[in-house]
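When you read off a place in the sequence shown, starting at 1, and then add 19, the result is the number in the numbering used here.
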Amino acid sequence: MQQVSSFNNEQTGRLYLVPTPIGNLDDMTFRAIKTLRAVDLIAAEDTRHTQQLLNHFEITTRQISFHEHNTEQRIPELLAKLKAGQQIAQCSDAGMPSISDPGKELVAAAVAAGIPVVPLPGANAGLTALIASGLAPQPFYFYGFLERKHQQQVSELQALVNRPETMIFYEAPHRLKKTLATLAEVLGNDRQAVLARELTKRYEEFSRGTLAELRDYFIDHQPRGEFVVLVAGNDHPADEQGAGEGTPVEQVDQEIERGLSTNAAIKLVAKRNRLNRQDLYREYHHIGE
Numbered sequence: 020m021q022q023v024s025s026f027n028n029e030q031t032g033r034l035y036l037v038p039t040p041i042g043n044l045d046d047m048t049f050r051a052i053k054t055l056r057a058v059d060l061i062a063a064e065d066t067r068h069t070q071q072l073l074n075h076f077e078i079t080t081r082q083i084s085f086h087e088h089n090t091e092q093r094i095p096e097l098l099a100k101l102k103a104g105q106q107i108a109q110c111s112d113a114g115m116p117s118i119s120d121p122g123k124e125l126v127a128a129a130v131a132a133g134i135p136v137v138p139l140p141g142a143n144a145g146l147t148a149l150i151a152s153g154l155a156p157q158p159f160y161f162y163g164f165l166e167r168k169h170q171q172q173v174s175e176l177q178a179l180v181n182r183p184e185t186m187i188f189y190e191a192p193h194r195l196k197k198t199l200a201t202l203a204e205v206l207g208n209d210r211q212a213v214l215a216r217e218l219t220k221r222y223e224e225f226s227r228g229t230l231a232e233l234r235d236y237f238i239d240h241q242p243r244g245e246f247v248v249l250v251a252g253n254d255h256p257a258d259e260q261g262a263g264e265g266t267p268v269e270q271v272d273q274e275i276e277r278g279l280s281t282n283a284a285i286k287l288v289a290k291r292n293r294l295n296r297q298d299l300y301r302e303y304h305h306i307g308e
């Protein structure tokens with residue numbers, strides 16, 4: 020078992036994981052400011068964006084870029100600096116490092132090298148939205164961003180359709196409409212959901228309703244700002260390994276009554292009963308009879 024205290028390895032530097040505000044700069048903690056001032060180097064997702072934060076708090080620490088496109092290049096460089104005794108803070112543009120943001124590869128590399136990793140608490144969009152959503156706050160299941168292509172989203176959501184926990188997703192405004200449509204298609208029109216946008220900012224807003232209601236609302240309204248999408252868990256999860264109630268065709272009708280689209284219901288029932296999806300599709304639609 021590897022155990023490294025943040026205070027017992029004085030020959031190397033420490034990697035500090037520093038959360039930054041998700042909107043309101045007043046959410047920056049005293050400890051975060053103190054840490055960014057004290058370290059030798061800040062590894063930032065976007066140095067231009069982070070510079071605005073540093074300027075606001077009069078922090079003059081030098082920066083280096085660290086983002087998803089230069090991870091392989093930067094990690095050896097940052098590890099070398101840490102092993103030489105430099106103190107490094109890593110931060111993303113907003114919120115917690117590594118949570119749908121850069122950081123996890125650097126943390127894993129530091130841990131593997133025996134370098135102390137020091138996490139600071141701070142703002143997180145998913146939890147901030149969850150506690151004000153009105154949905155069950157625990158247990159919850161954090162997913163983050165879904166894949167962008169429709170069929171990939173369908174596959175991801177089919178694996179989540181029976182989860183009883185409140186689910187937390189992130190989505191960009193230009194993809195929100197399509198994602199809401201897919202959520203309704205797979206999880207069901209009647210599933211309760213909450214959209215949180217512009218959290219901690221001046222135009223913070225929560226929209227609550229069924230997935231169908233939220234989908235239809237944004238047909239005529241343009242999404243603005245970054246969104247947290249919270250979806251209620253399934254309060255009647257089907258037994259993935261069991262045969263369900265009735266014939267497969269009857270089970271498809273039951274899932275449609277619960278709000279799933281016909282195709283999503285066929286896929287779910289086929290998986291539940293270990294049937295060929297195309298065979299069930301033909302049987303349900305009386306193809307070839």
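Note that beta-carbon positions come from the ideal geometry of N, C-alpha and C, so glycine has one too.
Beta-carbon contacts of residue i that lie in its chain and below 6 Å, excluding the five residues immediately before and after
| i | result |
| --- | --- |
| A284 | V271, E274 and I275 |
| K123 | S117 |
| A144 | I41, G114, L218 and V247 |
Exposure of residue i, with buried meaning 16 or more beta-carbon neighbours within 10 Å
| i | result |
| --- | --- |
| I134 | buried |
| Y222 | exposed |
| S152 | buried |
| K53 | exposed |
| G265 | exposed |
| R301 | exposed |
| D116 | Here residue 116 turns out to be Pro, not Asp, going by the sequence shown. So P116 counts as buried. |
| F49 | exposed |
| A129 | buried |
| F85 | buried |
| E190 | buried |
| E64 | buried |
Residues near residue i by beta carbon distance below 7 Å, same chain, minus five either side
| i | result |
| --- | --- |
| A262 | Because the pLDDT at A262 is just 48, under 50, the model does not fix this residue reliably, and the point stays unresolved. |
| L319 | Here the chain has residues from 20 to 308 only, and residue 319 is not among them. |
| L299 | P267, I285, V288 and A289 |
| R210 | T229, L230, V250, A251 and G278 |
| L314 | The question about residue 314 has no answer, for the chain in this structure spans 20 to 308. |
| R296 | I285, K286 and A289 |
| E224 | R216 and E217 |
| N253 | V180, N181, R182 and P183 |
| F159 | L149, E184, T185 and I187 |
| R56 | I78 and T80 |
| H75 | L44 |
Integer Cβ distance of residue i from residue j, believed to fall under 8 Å
| i | j | result |
| --- | --- | --- |
| K196 | P242 | 7 Å |
| D46 | T219 | 6 Å |
| I150 | L125 | Not a contact, Cβ separation roughly 29 Å. |
| V173 | Q109 | The Cβ separation is near 35 Å, so there is no contact. |
N- and C-terminal bounds of the alpha helix (DSSP H) containing residue i
| i | result |
| --- | --- |
| V58 | Here V58 belongs to no alpha helix (DSSP H), and DSSP marks it neither H nor E. |
| V334 | Nothing in the structure corresponds to residue 334, since the chain is present only between 20 and 308. |
| S111 | Neither: S111 is in no alpha helix (DSSP H) and is coded neither H nor E. |
| V248 | No alpha helix (DSSP H) holds V248; the beta strand (DSSP E) holding it covers F246 to V250. |
| I94 | T90 to K102 |
| V173 | H169 to Q177 |
Secondary structure of residue i, DSSP reduced to three states
| i | result |
| --- | --- |
| E224 | strand |
| T266 | coil |
| T148 | In the sequence as presented, Thr is not what sits at residue 148; that position holds Ala. The answer is helix: DSSP assigns A148 an H, G or I state. |
| S117 | coil |
| I238 | coil |
| T66 | helix |
| V130 | helix |
| Q297 | helix |
| I78 | coil |
| I306 | coil |
| L233 | helix |
| L34 | strand |
| I41 | coil |
| D258 | Annotation note: pLDDT 49 at D258 (below 50); position unreliable, coordinate value reported separately. It is coil, neither helix nor strand. |
First through last residue of the beta strand (DSSP E) which encompasses residue i
| i | result |
| --- | --- |
| R216 | Q211 to R216 |
| T198 | Careful: T198 lies outside any beta strand (DSSP E), inside the alpha helix (DSSP H) at L195 to L206. |
| T48 | Run containing T48: none; DSSP gives neither H nor E here. |
| I187 | T185 to E190 |
| V136 | V136 to P138 |
Cutoff 8 Å; reference residue i; Cβ partners in own chain excluding five residues on either side
| i | result |
| --- | --- |
| I107 | G32, R33, L34, Y35, V58, D59, L60, I61, A62, L97, K100 and L101 |
| G307 | R301 |
| H255 | R277 |
| T66 | Q82, I83 and S84 |
Proximity test, residue i beta-carbon vs the ligand ADP heavy atom, cut-off 7 Å
| i | result |
| --- | --- |
| R93 | As far as ligands go, the structure on display features none, and thus does not contain the ligand ADP. |
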